[in-house]
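J.: Start counting the sequence shown at 2; every next residue gets the next number (the working numbering).
This is the structure I want to talk about, given as structure tokens.
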Amino acid sequence: MLLSRTNLLVPLILSPRSILITASTGLHAASVPAHHQHFKMSSSTSESTKQFAVGGETDHGIKLEGKKAQVVQDVLDLFSAKFSKEILDRSWAKNAIFADPIAYAEGYDQYSAQWAGMNIFKSSETLAWKVTKNEPPILQYELRQRYVLPVTGQEKIMNSLVHIELDRDDKIVKLEDRWDGKALPQGRVAKALRDFSATYIVPTMVNVDKVDKENKAKQ
2 MLLSRTNLLV PLILSPRSIL ITASTGLHAA SVPAHHQHFK MSSSTSESTK QFAVGGETDH
62 GIKLEGKKAQ VVQDVLDLFS AKFSKEILDR SWAKNAIFAD PIAYAEGYDQ YSAQWAGMNI
122 FKSSETLAWK VTKNEPPILQ YELRQRYVLP VTGQEKIMNS LVHIELDRDD KIVKLEDRWD
182 GKALPQGRVA KALRDFSATY IVPTMVNVDK VDKENKAKQ
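What follows is the structure, encoded as structure tokens:
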């Protein structure tokens, strides 16, 4: 069933992931911006042939300790819409980069808005995760996440390979959210669209301080 244009606009703008999830839960392609439509098929969980985080409900793969363990836990919390500025201050470098297939966010103002925008979902729950690489400065883990859409309450399970690069202080300098484990698009047009989303749309629409305050009140 189609959402009204008004209800559809919010998830399309506020969260890059919601563009994909909204598109892959029965919405007409005309409701999704043309430059996002190809992600509908290439990134939907139903099209994935690889199983992610197998056994990761209880077996979380390579054991991490200290700051690295904290970094992974902080990122898991961000994916679960538990945004806080404290997490970013603790585990992210100010000039860090967040990238996924439809956003390239560079610097605190841009990547903080990307994570705060996760609150658009009714819920976001980690089903399984497993660390697959710990080769300094690289950390990687597989993630299986369940999202519940606003308004419709529809559920979508997504697989990702989360690629993290750390600095000497074990703070994140780059995080790539590789949907279904696929490499991020590198073409100039794709890069320009990802830059536009992260630079102009999401930071304009998301009030990071407000989300931080609301999430603290929930604790």
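Just so it is clear, CB atoms sit at the ideal spot from N, CA and C, and this is done for glycine as well.
Which residues in the same chain have their Cβ closer than 7 Å to the Cβ of alanine 129, if we skip the five residues on either side of it in sequence?
T.: For the purposes of this step, residue 129 is taken as the residue at position 128 of the sequence shown. Only Ala54, Gly57, Glu58 and Arg145 meet the Cβ criterion.
J.: On a CA-only basis, which of Val174, Val163 and Lys86 is nearest lysine 131? Give me that one, please.
T.: Taking the sequence shown and counting its residues from 1, the one referred to as residue 131 is at position 130. The candidate whose alpha carbon is nearest that of lysine 131 is Val163.
J.: Is the segment 135–144 close to the segment 97–106, with three or more CB pairs under 8 Å?
T.: no
J.: My output table needs one value for valine 55: the three-state DSSP class, helix, strand or coil.
T.: In the sequence shown, the residue the question calls residue 55 occupies position 54. Coil, per DSSP.
J.: For lysine 157, does the count of other Cβ atoms within 10 angstroms reach 16, so buried, or fall short, so exposed?
T.: Taking the sequence shown and counting its residues from 1, one reaches residue 157 at position 156. With 16 or more Cβ atoms within 10 Å of its Cβ, lysine 157 is classed as buried.
J.: How close, in whole Å, do the beta carbons of alanine 94 and isoleucine 173 come, if the pair is a contact with beta carbons under 8 Å?
T.: Start at 1 with the first residue of the sequence shown, and residue 94 comes out as number 93. Start at 1 with the first residue of the sequence shown, and residue 173 comes out as number 172. Alanine 94 to isoleucine 173, Cβ: 6 Å. Contact.
J.: According to DSSP, simplified to helix, strand and coil, what is aspartate 210?
T.: Counted from its first residue, the sequence shown places residue 210 at position 209. Here DSSP, grouped into helix, strand and coil, assigns aspartate 210 to helix.
J.: Confirm, please, whether the CB-CB distance from lysine 64 to serine 171 is below 8 Å.
T.: By 1-based counting over the sequence shown, the position of residue 171 is 170. By 1-based counting over the sequence shown, the position of residue 64 is 63. Looking at the sequence shown, residue 171 is not serine but aspartate. In this structure, lysine 64 does not lie closer than 8 Å to aspartate 171 by Cβ.
J.: Can you name the residues that DSSP bridges to aspartate 181?
T.: What you label residue 181 is simply residue 180 of the sequence shown in a count that begins at 1. In the DSSP output, where bridge partners are listed per residue, aspartate 181 has none listed.
J.: Tell me, which residues are paired with asparagine 160 by DSSP?
T.: Along the sequence shown, read from residue 1 onward, the residue named residue 160 stands at position 159. DSSP lists Arg145 as partners of asparagine 160.
J.: Do you know how far the Cα of phenylalanine 122 is from the Cα of glutamate 177?
T.: Residue 177 sits at position 176 when you count from the first residue of the sequence shown. Residue 122 sits at position 121 when you count from the first residue of the sequence shown. Cα-Cα distance, rounded: 20 Å.
J.: Express the C-alpha separation of valine 203 and aspartate 213 in angstroms, rounding to a whole number.
T.: Mapped onto the sequence shown, residue 213 falls at position 212. Mapped onto the sequence shown, residue 203 falls at position 202. One Cα belongs to aspartate 213, the other to valine 203, and the distance between them is close to 16 Å.
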